[in-house]
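Asker: Protein chains in written order, with the numbering used here: chain A, 4 to 324; chain B, 61 to 203; chain C, 79 to 729.
By construction, the Cβ of each residue, glycine as well, lies at the ideal position given by its N, Cα and C atoms.
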Amino acid sequence: MKPERTKPKLAIALGATCSGCDYSLLDLGAGLLDVTDQVEIVYWPTGIDSKLEDLQAVPDRGVDLILFDGAVVNEDNLEMARLCRKKAKMLAAFGSCGAYGGIPGLINSGSPKKILLEVYQGLPTRSDKAEALNFEGEDALPKMLGQAYSLDQVVDVDVYLPGCPPPLKLVAGLLTDVLAGKAIPKGTFYASNRAVCYECKRVKENKSIDAIHRYHEIQPDPTRCLLEQGIVCLGPATRGGCDAVCCTQNQPCRGCMGALPHSEDSGAEMMSALASIMELNNENKEADYTGIFDGLNDPLGTFYTFTLPKSILGRRKVDQS
Amino acid sequence: MSERPNVRIVALLCRWCSYAGADLAGVSRMKYAANVLPIKVPCSARVDPQLVLKAFSEGADGVLLAGCHPGDCHYLKGNYKALRRFQLLKKFTSQMGIEDDRLRLEWISASEGSRYADVVNDMTTKVAKLGRLNWRREIAIEA
Amino acid sequence: MKIGVYICHCGTNIAGVVDVAKVVEFAATLPNVAVARDYKYMCSEPGQNLIGEDIRHLGLDGVVVAACSPTMHEPTFQTALSRAGANPYMLQMASIREHVSWVTSDPVEATEKAKKLVEAAISRVSLQEPLEKRRIPVKQSVLVVGGGIAGIEAALKCADAGKKVYLVEKEPSIGGHMAMFDKTFPTLDCSQCILTPKMVEVVRNENIELLDYSEVREISVHVGDFKVSIVRKPRYVDSSKCTGCAVCSTKCPGKAPDEFNLGMSKRKAIYVPFPQAVPLKAVIDRESCLYFQKNICKVCVKFCSADAIDFEQKPEELELGVGAVILATGFKPFDARRVSEYGYGKLPNVITSLEFERMTSASGPTAGKIVLKDGREPESVAIVHCVGSRNVNYNVYCSKICCMQSLKHAHLLKEHLPGVAVYDFFIDMRAAGKGYEEFYKRVMGEGTIMVRGRPAYITDVPSKPEEKGKLVLVAEDTVLSTVMRYPVDMVVLSVGLEAGEDAKELAHTFTCSRTADGFFLERHPKLAPVSTPTAGVFIAGASQGPKDIPESVAQAGAAAAEALAMMGKGYFELEPYVARIDEDLCSGCGICLDLCAYNALERIPETGLTRVVEALCQGCGACVAACPSNALDLDGFKNNQIMAELEGILA
Numbered sequence: 004m005k006p007e008r009t010k011p012k013l014a015i016a017l018g019a020t021c022s023g024c025d026y027s028l029l030d031l032g033a034g035l036l037d038v039t040d041q042v043e044i045v046y047w048p049t050g051i052d053s054k055l056e057d058l059q060a061v062p063d064r065g066v067d068l069i070l071f072d073g074a075v076v077n078e079d080n081l082e083m084a085r086l087c088r089k090k091a092k093m094l095a096a097f098g099s100c101g102a103y104g105g106i107p108g109l110i111n112s113g114s115p116k117k118i119l120l121e122v123y124q125g126l127p128t129r130s131d132k133a134e135a136l137n138f139e140g141e142d143a144l145p146k147m148l149g150q151a152y153s154l155d156q157v158v159d160v161d162v163y164l165p166g167c168p169p170p171l172k173l174v175a176g177l178l179t180d181v182l183a184g185k186a187i188p189k190g191t192f193y194a195s196n197r198a199v200c201y202e203c204k205r206v207k208e209n210k211s212i213d214a215i216h217r218y219h220e221i222q223p224d225p226t227r228c229l230l231e232q233g234i235v236c237l238g239p240a241t242r243g244g245c246d247a248v249c250c251t252q253n254q255p256c257r258g259c260m261g262a263l264p265h266s267e268d269s270g271a272e273m274m275s276a277l278a279s280i281m282e283l284n285n286e287n288k289e290a291d292y293t294g295i296f297d298g299l300n301d302p303l304g305t306f307y308t309f310t311l312p313k314s315i316l317g318r319r320k321v322d323q324s
Numbered sequence: 061m062s063e064r065p066n067v068r069i070v071a072l073l074c075r076w077c078s079y080a081g082a083d084l085a086g087v088s089r090m091k092y093a094a095n096v097l098p099i100k101v102p103c104s105a106r107v108d109p110q111l112v113l114k115a116f117s118e119g120a121d122g123v124l125l126a127g128c129h130p131g132d133c134h135y136l137k138g139n140y141k142a143l144r145r146f147q148l149l150k151k152f153t154s155q156m157g158i159e160d161d162r163l164r165l166e167w168i169s170a171s172e173g174s175r176y177a178d179v180v181n182d183m184t185t186k187v188a189k190l191g192r193l194n195w196r197r198e199i200a201i202e203a
Numbered sequence: 079m080k081i082g083v084y085i086c087h088c089g090t091n092i093a094g095v096v097d098v099a100k101v102v103e104f105a106a107t108l109p110n111v112a113v114a115r116d117y118k119y120m121c122s123e124p125g126q127n128l129i130g131e132d133i134r135h136l137g138l139d140g141v142v143v144a145a146c147s148p149t150m151h152e153p154t155f156q157t158a159l160s161r162a163g164a165n166p167y168m169l170q171m172a173s174i175r176e177h178v179s180w181v182t183s184d185p186v187e188a189t190e191k192a193k194k195l196v197e198a199a200i201s202r203v204s205l206q207e208p209l210e211k212r213r214i215p216v217k218q219s220v221l222v223v224g225g226g227i228a229g230i231e232a233a234l235k236c237a238d239a240g241k242k243v244y245l246v247e248k249e250p251s252i253g254g255h256m257a258m259f260d261k262t263f264p265t266l267d268c269s270q271c272i273l274t275p276k277m278v279e280v281v282r283n284e285n286i287e288l289l290d291y292s293e294v295r296e297i298s299v300h301v302g303d304f305k306v307s308i309v310r311k312p313r314y315v316d317s318s319k320c321t322g323c324a325v326c327s328t329k330c331p332g333k334a335p336d337e338f339n340l341g342m343s344k345r346k347a348i349y350v351p352f353p354q355a356v357p358l359k360a361v362i363d364r365e366s367c368l369y370f371q372k373n374i375c376k377v378c379v380k381f382c383s384a385d386a387i388d389f390e391q392k393p394e395e396l397e398l399g400v401g402a403v404i405l406a407t408g409f410k411p412f413d414a415r416r417v418s419e420y421g422y423g424k425l426p427n428v429i430t431s432l433e434f435e436r437m438t439s440a441s442g443p444t445a446g447k448i449v450l451k452d453g454r455e456p457e458s459v460a461i462v463h464c465v466g467s468r469n470v471n472y473n474v475y476c477s478k479i480c481c482m483q484s485l486k487h488a489h490l491l492k493e494h495l496p497g498v499a500v501y502d503f504f505i506d507m508r509a510a511g512k513g514y515e516e517f518y519k520r521v522m523g524e525g526t527i528m529v530r531g532r533p534a535y536i537t538d539v540p541s542k543p544e545e546k547g548k549l550v551l552v553a554e555d556t557v558l559s560t561v562m563r564y565p566v567d568m569v570v571l572s573v574g575l576e577a578g579e580d581a582k583e584l585a586h587t588f589t590c591s592r593t594a595d596g597f598f599l600e601r602h603p604k605l606a607p608v609s610t611p612t613a614g615v616f617i618a619g620a621s622q623g624p625k626d627i628p629e630s631v632a633q634a635g636a637a638a639a640e641a642l643a644m645m646g647k648g649y650f651e652l653e654p655y656v657a658r659i660d661e662d663l664c665s666g667c668g669i670c671l672d673l674c675a676y677n678a679l680e681r682i683p684e685t686g687l688t689r690v691v692e693a694l695c696q697g698c699g700a701c702v703a704a705c706p707s708n709a710l711d712l713d714g715f716k717n718n719q720i721m722a723e724l725e726g727i728l729a
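1. How long is the line joining the alpha carbons of C:Lys-546 and C:Asp-567, rounded to whole angstroms?
2. Under the three-state reduction of DSSP, which class applies to C:Glu-579: helix, strand or coil?
3. Roughly how many angstroms separate the alpha carbons of C:Asp-303 and C:Val-631, rounded to a whole number?
4. What beta strand (DSSP E) runs, 3 residues minimum, are completely inside the stretch 305-340 of chain C?
5. Using 8 Å as the threshold, is the C-beta distance between A:Ala-102 and A:Leu-70 below it?
6. At 9 Å on the CB atoms, spell out the chain A contacts of B:Arg-192, in chain order.
7. Just the C-alpha distance for C:His-135 and C:Arg-161, rounded to the nearest angstrom, thanks.
8. Excluding the 5 residues flanking C:Val-702 on each side, which residues of the same chain have their C-beta closer than 7 Å to its C-beta?
9. Closer than 8 Å is the cut-off here; do at least three beta carbon pairs connect the stretch 289-303 of chain A with the stretch 80-93 of chain B?
10. Return the chain-ordered list of same chain residues with a C-beta closer than 7 Å to the C-beta of A:Asp-155, the five sequence neighbours on each side being excluded.
11. Using alpha carbons as the reference points, say which of C:Ala-678, C:Ile-669, C:Pro-393 lies closest to C:Tyr-655.
12. For B:Leu-113, report the span of its beta strand (DSSP E) as first-last.
13. For B:Pro-130, I'd like the list of residues in its chain whose CB is within less than 8 Å of its CB, leaving aside the five on either flank, ordered along the chain.
14. Would you call the CB atoms of C:Ile-214 and C:Ala-700 closer than 8 Å?
15. Tell me whether A:Cys-100 is buried or exposed, calling it buried when 16 or more other Cβ atoms sit within 10 Å of its Cβ.
16. Classify C:Asp-672 as helix, strand or coil using the three-state DSSP reduction.
17. From this set, C:Lys-372, C:Ser-458, C:Lys-276, C:Ile-308, which residue's C-alpha is nearest C:Gly-253's C-alpha?
18. Among all the DSSP beta bridges, which residues are the ones paired with C:Arg-202?
19. Given a cut-off of 8 Å on the beta-carbon distance, is the pair C:Asn-339 and C:Arg-436 in contact?
20. Roughly how many whole angstroms lie between the Cα atoms of B:Pro-65 and B:Thr-185?
21. Per DSSP, what are the beta-bridge partners of C:Gln-170 in this structure?
22. How big is the Cα-Cα spacing for A:Val-235 and A:Ser-314?
23. Against chain C, with Cβ distances strictly below 8 Å, would A:Lys-10 count as a contact?
24. Checking 8 Å against the spacing of the C-beta atoms, do C:Leu-398 and C:Val-301 come in under that value?
25. Considering Cα atoms alone, identify which of A:Gly-65, A:Glu-202, A:Phe-306 is closest to A:Gly-270.
26. Of the residues that make up the stretch 167-201 of chain A, which ones have a beta carbon closer than 8 Å to any beta carbon in chain C?
27. Using beta carbons (cut-off 8 Å, strictly below), is B:Pro-65 in contact with chain A?
28. Tell me which same chain residues have a C-beta within less than 6 Å of the C-beta of A:Ser-324, skipping the five on either side of it?
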């Protein structure tokens, strides 16, 4: 009998995640079976019956590709991230959480401990106040770290698949490259180097807006650029590669694919761009810009939905005590 | 002066108005706090909010953005953009816990040397009262 | 990268406060620094030679000079680099004089600050790249906007130098305000007499194309090649046929207030603006013309022997390309109605200085006679200075010419009406020009009563019988410290000068800034009074600020000289600070496109991406800071260069 060639090993591990990214792999449909044919999945809690021990048993650097799905927010996530780094030949930050901190990254607008207590004890609508949260002993909850981190803020990362979830064709692209044994330079992003606008089919006329509208406040023209209609769309400051699927479905881009190659802070880029075109037709000595951004009550949440930990400031200033 | 925390304020000055105003303060031998360090830009509109955030994250305790008075911009309308960007940026930095006095926008013309000196002294006093910002971007993880 | 660092002592200006030796020592330790020196006066010949020698012998490719402000000596050191064979833009100056030694009391703090600025400059220059100034060819023609004395003078000077001049005037005749004056101070020359020969010269000069009754619609401000759109308003008279005989005018039944006589008389619907008008052609005012309003009359057609009337005439559009622009659009007199306490517009016989000029003009509404509204000659006249000027309620500035004009009027009154009593109300007497003080002395000797006090109000309500039928000026004679009532027959208000009605629009059209008082902004109040920050656009005359005729003429010559220098050189050098787009990063989002005040960004039709029109880019960086992809960067002020400077400062 011909000995079977050893298949490349694949693992998909979870950090602080909604699991949406690895669920999205199911969208490969029948193609998923093609993948499973060609690789040996050694660990994927969501997809196969595997245990942590299975991953721990693999020799160091024995897994050809590990997709880490999630941010790093508590000690469990940290342990998992370090384990994955140890066991992976190539470690990928899979999804915006791994790449940038993602939505869990918004924890950095406060402190993890405070938010935990707020959610489990503080909410006025809770009728059953949780018992004192238990961080010690057998039933201990994992300890929260000081803030939310992206994967590369805690371990070395080889490749990035941003997106919430990453566009399937880009995931397929990475899998194909790995299976083909292609040399992938460290730090490669599987995403476009140009902003979403490049792929967006909406008509661009002139960028000058007089007011900001929430999406439900107006009847947007389905053919014209959303930003030009006063809807905050982060497309101009966000990597493409997603075929502008949200904009095509009449939703403004929320920036999940993160900052463009030469930008460090997609949120600041977008704030600059938006403020520049706001009231562009009203530039004169008498112009009064008081309150023009009153409709934007939460710049932090709006512009850094997915990227706060990787932004220049990283997290809200927390008192030393 | 030595008891005051040695705060550092980065001043982004536009070439045609505020930098010239600062020059005039010098020519007029006005004395002001040594805590403000100037960087010349062609126009206040050249200032990218990213630069301001970088300044804070790299150790600045305060950032002063100065440009020409509305209507007087050498490049016609640059300062209006600077103002609008500043407003949105201020909202964000407030949310991030950076105190109001640390980020400031002033219109200073080429003939306003004394105003430059006053602004520098005032801002230095206010920022010194708040103390060093010591922005920590990431909390280091213990082994 | 090999950087040379030079710390200047500037005598004791820097060295007296900053410990220069320590700064040199510090600089020598920084990365890429090949040599660090100090010298007493870096801007001197030996100082510059230090740099030159080091460039040649040490192969320096970057230079930092820590000295005075770059505004002072950046060009000096840039030249030093050029002469030594290095690119002039591989220089960064740290201002340790204006920004450190002159403003910091504590030497220790000053030295620390100097060190930081030097470190920042070194970091920045490490990332600088050679840049080349942009040479823009300059067209050999000038556009002069405004046909008053300043515009006329500027046009003649440029034309005499052999350049093509387009002189645009919005009124049907050139001459401006000077054509309305009677006599000019202090020589009492007849204004028309000295002006008319120049006006005629304009028409005679082969190089000048006079575009009368025309306005500039649009201009693309592009130094060296300004593309101008001009609209020639229809006179409804064919200029090539009209002889200026004005017979049409005598027959025309339509009437309207005569603008040239400030409404003090009437003119016809078809009229020649004034007897010495240039061009001497008729023009029809639609509003008062019976043909245009009611489709009747046409008497002018009947009597025109040259068959010059053309009711079908349409506005004509012209496109021109010129190398330079001179704005000489003059002023507008302050509207005396705003000072309601003086009763202008309500009380008859309260007139303005300009109306008085028309009155004393032989060809004016009263044929040169000074008379009251009822035809009588006044027995007493008051002249009030500073109407609308030197007043926080109106204009804070001094209008410069009104004192001399008032004295002139006082003189003319005494000349025309031998027995008349003249009271001159002033705050300060400003008689600073050549022959001006002497004129003042002369007028005082003629018997005019000088009262140092600003009148509070003018009333026709008598408080005693002698005041009946008179205008009573109530003013404090500050010398006597007494409030007095002065009953007079006529009051002449010396109104101030304001920026022209269309100054705002013109400033916008020509990319010109204005100062707070509305006059055009000069590049430098002392050293560059006729140029503007916009290259190729010059200003002259009252549009730059209130001034008299000799000053207007001088400025016109100066502006012409600047324009001629530019044209003579044949090219203009623009700084190399230009925006650049990384084509691989641009997404075509279009956010930058409308931000540019100079229209220097355009969409490429084939790709939808954006490109920079280099010749128009002024290097402000507004687009660079807005670009959400960081696809745009600015040569000379690049993101990485400014970041490096920031890091050097905070190191």
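Answerer: So, to answer that:
1. Distance between the alpha carbons of C:Lys-546 and C:Asp-567: 10 Å.
2. Note: C:Glu-579 maps to coil in three-state DSSP.
3. Taking the straight line joining both Cα atoms gives about 26 Å.
4. Whole beta strand (DSSP E) segments, 3+ residues: 333-335.
5. Contact check for A:Ala-102 against A:Leu-70 fails: the beta carbons are separated by 8 Å or more.
6. Within 9 Å Cβ-Cβ: nothing; B:Arg-192 doesn't reach chain A, min ~11 Å.
7. Straight-line Cα distance between these residues: approximately 14 Å.
8. A distance below 7 Å between beta-carbons, with the five flanking residues on each side excluded, links C:Val-702 to the following residues of its chain, in chain order: Ala-657, Leu-710, Asp-711, Leu-712.
9. Three or more Cβ pairs closer than 8 Å define a contact, and the stretch 289-303 of chain A falls short of that threshold against the stretch 80-93 of chain B.
10. Taking C-beta separations shorter than 7 Å and ignoring five residues to either side along the sequence, the partners of A:Asp-155 in its chain run Ala-96, following chain order.
11. Each of C:Ala-678, C:Ile-669, C:Pro-393 was checked against the Cα of C:Tyr-655, and the nearest Cα belongs to C:Ala-678.
12. Note, B:Leu-113: premise wrong, no beta strand (DSSP E); alpha helix (DSSP H) at 109-117.
13. Within the same chain, and ignoring the five residues on either side of B:Pro-130 in sequence, the residues whose Cβ sits closer than 8 Å to its Cβ are Asn-139, Tyr-140, Leu-143, Trp-167.
14. Taking 8 Å as the Cβ cut-off, C:Ile-214 and C:Ala-700 do not qualify as a contacting pair.
15. A:Cys-100 comes out buried.
16. Here DSSP, grouped into helix, strand and coil, assigns C:Asp-672 to helix.
17. Taking only the C-alpha atoms, the option nearest C:Gly-253 is C:Lys-276.
18. In the DSSP assignment, no residue is bridged to C:Arg-202.
19. Yes.
20. A straight line joining the alpha-carbon of B:Pro-65 with that of B:Thr-185 spans about 10 Å.
21. According to DSSP, residue pairing for C:Gln-170 in a beta bridge involves C:Val-142.
22. Taking the Cα positions, A:Val-235 is about 19 Å away from A:Ser-314.
23. Not one chain C Cβ lies under 8 Å of A:Lys-10.
24. No, these two residues do not count as a Cβ contact at 8 Å.
25. Minimum Cα distance to A:Gly-270 is reached at A:Phe-306.
26. Residues of the stretch 167-201 of chain A with a C-beta less than 8 Å from any C-beta of chain C: Asn-196, Arg-197, Ala-198, Val-199, Cys-200, Tyr-201, listed in chain order.
27. It does not; no Cβ of chain A falls within 8 Å.
28. Bear in mind that the predicted position of A:Ser-324 carries a pLDDT of just 33, short of 50, making it too unreliable to give a figure here.
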